[in-house]
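Following: one structure in structure tokens, then a few remarks.
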Amino acid sequence: MYGLSVLSKYLFKILFFISIFGFLGCGQDSQKAKNARLVIAIDATFVPMSFLNEDRELDGFEVDLIKEVVQNAGFDYELINVEWGGLFGGVITGKFDLVISSITILEERKNRMAFSIPYLQSGVSVLAR
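The working numbering puts the first residue of the sequence shown at 1136, with every later residue one more than the last.
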């Protein structure tokens, strides 16, 4: 799909699915949580992770991942494109239930927000001769 092996994609989905289930079940009646409509925000400016395709629809690895996770879990959801600057404030104030947008887990963020287990380890580096 986006340069990832089939096994890697499958493993990412399993790990993310497990962590989302745990996150969504915290402090809530499971049936009530399952009946809720999740509002999921994404900043669609990071090809190939998330972007708007030629039809102006959300596309990319993270879009495919979150759709599969919430559909397999039986949740109703709305996926919306939000500028990067609005993601964190939106989840803190409750405007969004989840954010998926290649977010790095930092200590200052962990103090204000709950994170899933990482679904991608980046080996991004500088190449030199």
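For every residue, glycine included, the Cβ atom is placed at its ideal position computed from N, Cα and C.
GLN1256 - DSSP class collapsed to helix/strand/coil: The residue you call residue 1256 lines up with position 121 of the sequence shown. Coil.
Own chain, CB closer than 8 Å to GLY1225, minus 5 neighbours either side, in chain order: As a first step, residue 1225 is located in the sequence shown; it is residue number 90 there, counting from the start. So the qualifying residues of the chain are ALA1176, VAL1217, PHE1231, VAL1234.
GLU1213 versus ARG1172, PRO1183, ASN1246, ARG1244, residue with shortest Cα-Cα distance: Position 78 of the sequence shown, counted from the first residue, corresponds to residue 1213. It is ARG1172 whose Cα lies nearest to the Cα of GLU1213.
Cross-strand partners of GLU1213 (DSSP beta bridge): For the purposes of this step, residue 1213 is taken as residue 78 along the sequence shown, with counting starting at 1. DSSP output for GLU1213 lists VAL1174 as bridge partner(s).
Status (buried if at least 16 other CB within 10 Å, exposed otherwise) for VAL1261: Within the sequence shown, numbered from 1, the residue matching residue 1261 stands at position 126. Classification for VAL1261: exposed.
Cβ contact check for the stretch 1235 to 1242 and the stretch 1178 to 1187: 3 or more pairs under 8 Å: yes
Enclosing alpha helix (DSSP H) for LEU1222 [first to last residue]: Counted from its first residue, the sequence shown places residue 1222 at position 87. From DSSP, the alpha helix (DSSP H) with LEU1222 extends over 1219 to 1228.
Three-state secondary structure assigned by DSSP to VAL1261: In the sequence shown, counting from the first residue as 1, residue 1261 sits at position 126. VAL1261 falls in the coil class under three-state DSSP.
Three-state secondary structure (DSSP) of PHE1231: Translated into positions along the sequence shown, residue 1231 becomes position 96. If DSSP states are grouped into helix, strand and coil, PHE1231 belongs with coil.
Sequence-distant residues of its chain with Cβ nearer than 7 Å to GLY1229 (five each side left out): One-based indexing of the sequence shown puts residue 1229 at position 94. Here the set comprises nothing.
Extent of the continuous beta strand (DSSP E) to which LEU1187 belongs: Along the sequence shown, one-based indexing puts residue 1187 at 52. Residues 1185 to 1187.
Host alpha helix (DSSP H) of LEU1200 (start-end): Along the sequence shown, one-based indexing puts residue 1200 at 65. 1196 to 1208 is the extent of the alpha helix (DSSP H) around LEU1200.
Whether ILE1215 touches VAL1174 by CB criterion (8 Å): For the purposes of this step, residue 1215 is identified with residue 80 of the sequence shown, where counting begins at 1. For the purposes of this step, residue 1174 is identified with residue 39 of the sequence shown, where counting begins at 1. Yes, Cβ-Cβ distance for ILE1215 and VAL1174 is below 8 Å.
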